[in-house]
Amino acid sequence: MSKDYYKVLGVDKKVSQGEIKKAYRKLAHKYHPDKKGGDEAKFKEINEAYQTLSDDQKRKQYDQFGSNYGQGGASGFGGFGGTQGAGSFQDFNFQGSGFEDIFSDFFGGGQATSKQTTGSDVVADVQISFEEMAKGASKKVKIYKKVACKTCDGTGAKDKKTEQCFKCGGSGQIKKARQTFLGTFAQVEVCDQCQGKGQIAKEKCGNCGGAGVVKDYQEVNINIPAGIDEEQTLKVSGAGEASMLGGPAGDLYVRIRIKPHRDFKRKGFDVVSRVYITFSQAILGDKLEVETVEGKVKLKIPAGIEAGDFLRIKGKGIKKFGGFGQGNHLVEIKIKTPKKVSRSQKKIVQKLQKEGL
1 MSKDYYKVLG VDKKVSQGEI KKAYRKLAHK YHPDKKGGDE AKFKEINEAY
51 QTLSDDQKRK QYDQFGSNYG QGGASGFGGF GGTQGAGSFQ DFNFQGSGFE
101 DIFSDFFGGG QATSKQTTGS DVVADVQISF EEMAKGASKK VKIYKKVACK
151 TCDGTGAKDK KTEQCFKCGG SGQIKKARQT FLGTFAQVEV CDQCQGKGQI
201 AKEKCGNCGG AGVVKDYQEV NINIPAGIDE EQTLKVSGAG EASMLGGPAG
251 DLYVRIRIKP HRDFKRKGFD VVSRVYITFS QAILGDKLEV ETVEGKVKLK
301 IPAGIEAGDF LRIKGKGIKK FGGFGQGNHL VEIKIKTPKK VSRSQKKIVQ
351 KLQKEGL
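Oh and the sequence shown: position 43 is 43 in my numbering, straight run, nothing missing.
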């Protein structure tokens, strides 16, 4: 009876090669005989289906004639039992089949593997002012994290004295033979005694207990670019926690918080503020001094300006990333209406009113 290879892999007949490989890897992981709950028969069936559908020519023949398109069935793992004409196990081609990926996942690919090679990453919040956001800044931040022990320089050894690891003989690696249904495979692992260093402490450091790291505050310098956004995250490579394995430190991720400004608002790379003028200033015009992120600037108020109009101060806004220009400062005009006026002021206004103003 013809097998439905698409059904075996749980995919549709029109799927791409990438989706076929993805489905194969997922099922191969699930049913691998070396895993708990694995199924050798199912694993062979999955590989048989993949060997056919991953080859464009075989897939074309299979789509036309079914799984019996060849002599003695589809080639590949269908001949796992050693039958002639179906492609014996000895003839199976691992290269480019996707099976080498499973090998790497289960057996380490013949290379030394380690559960942890770098220190942990650290996340911290840093608050900056509106002006620092607009112009950029350099901030020093104290982070509480794992750092290399200063007493032993991270060696974990008292007086920094170490000796060759007895378990790996100083190589930092241990070779292991692993039995599988496919045969015996050599696997190289990082020595769990010395954590791959090849050296162990003659006597443990009293400050860190032999770990080589301790919890402490460390000052980190952070360069904050101009124009950064609220909650944007900066990565500082190597500024995370020190590694107990002697490997590189983790990374520091800094989330930016921008302190709200009393007078300024942000609009893209422009800064917006308000200025209140009198009725006479609106009619006759004037010159005022206004505050910007670059300091105080003289602003000309044209005669006849209306409330709600905006005046632009060019190039006094937020600096753009990489130094590519700078935004503007936009001033919104507001006209002050006095709550109380003197008798003489009232007469003047009444006169202006008669004049049509």
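Each residue gets a CB set at the ideal place from its N, CA and C atoms; glycine is no exception.
Can the beta-carbon of residue i be found less than 8 Å from the beta-carbon of residue j?
| i | j | result |
| --- | --- | --- |
| T233 | Y217 | no |
| I277 | I128 | no |
| L311 | D270 | no |
| E219 | K142 | yes |
| K175 | A186 | yes |
| D251 | K235 | yes |
| G240 | G119 | yes |
| N207 | T151 | yes |
| G212 | C149 | yes |
| Q195 | K167 | no |
| N156 | C191 | According to the sequence shown, residue 156 is Gly rather than Asn. It is not a contact, given that the beta carbons lie outside the stated cut-off. |
| Q326 | I301 | no |
| F130 | K296 | no |
| A303 | I333 | no |
| K42 | Y31 | yes |
| G38 | A23 | no |
| K21 | S54 | yes |
| K145 | V123 | no |
| V362 | A242 | In the structure as shown, the chain starts at 1 and stops at 357, and residue 362 therefore has no counterpart that could be examined. |
What does a CB cutoff of less than 7 Å around residue i pick up in its chain, not counting 5 residues either side in sequence?
| i | result |
| --- | --- |
| G136 | I224, P225, A226, K319 |
| E294 | K316 |
| K354 | none |
| C165 | C191, Q193, C194, G198, Q199, I200 |
| T162 | T155, Q199, I200, A201, K202 |
| I335 | I277, F279, A282, A307 |
| E132 | I224 |
Which same chain residues, not among the five before or five after residue i, have their C-beta less than 6 Å away from its C-beta?
| i | result |
| --- | --- |
| Q84 | The pLDDT assigned to Q84 is 36, lower than 50, so where the model puts this residue is not dependable; a value taken from the coordinates is nonetheless given after this. None. |
| E203 | K158 |
| L27 | I46 |
| P248 | T118 |
| G292 | Note that residue 292 corresponds to Thr in the displayed sequence, not to Gly. Within the same chain, T292 has close Cβ partners K316, H329. |
| K140 | E219, N221 |
| R178 | F185, Q187 |
| K36 | none |
Within 8 Å of any Cβ in chain B, is that where the Cβ of residue i sits?
| i | result |
| --- | --- |
| Y217 | Among the protein chains of the structure shown there is no chain B, as only one such chain exists. |
For residue i, write down the residues that DSSP places opposite it in a beta bridge.
| i | result |
| --- | --- |
| T360 | Shown here, the chain extends from 1 to 357; a query on residue 360 therefore has no answer. |
| E291 | K296 |
| S352 | According to the sequence as given, residue 352 is Leu; it is not Ser. Note: L352 sits in no beta bridge, so no partner. |
| F310 | E332 |
| K146 | K215 |
| S138 | N223 |
| V123 | Y253 |
| V275 | I333 |
| I128 | I258 |
| I301 | D286 |
Quick one: grab the DSSP three-state call for residue i.
| i | result |
| --- | --- |
| S280 | helix |
| E241 | coil |
| H32 | coil |
| Q116 | Low per-residue confidence applies at Q116: pLDDT is 48, beneath 50, and the placement is therefore not dependable, though the value from the model is reported in the following sentence. In this structure, Q116 counts as coil in the three-state DSSP scheme. |
| S344 | helix |
| I174 | strand |
| D63 | helix |
| T151 | coil |
| F269 | coil |
| V15 | coil |
| T337 | coil |
| N47 | helix |
| K161 | coil |
| A226 | coil |
| D56 | helix |
| I20 | helix |
| K42 | helix |
| K320 | coil |
| G72 | In this predicted model, G72 has a pLDDT of only 40, less than 50, meaning its place in the structure is not dependable; the value taken from the coordinates is given anyway. The answer is coil: DSSP assigns G72 none of H, G, I, E or B. |
Quick one: is the Cβ of residue i within less than 7 Å of any heavy atom of the ligand NAD?
| i | result |
| --- | --- |
| F65 | As for the ligand NAD, it is missing from this structure, which has no ligand bound. |
Got a sec? Which residues, its chain only, sit under 8 Å from residue i by beta carbon, not counting five neighbours each side?
| i | result |
| --- | --- |
| L299 | V275, K287, L288, E289, V290, L311, I313, V331 |
| D12 | Y6 |
| E230 | I256, R257, I258 |
| D309 | E332, I333 |
| K346 | none |
As an exercise, report each continuous beta strand (DSSP E) stretch of at least 3 residues that is fully enclosed by the segment 186-219, in chain order.
199-201
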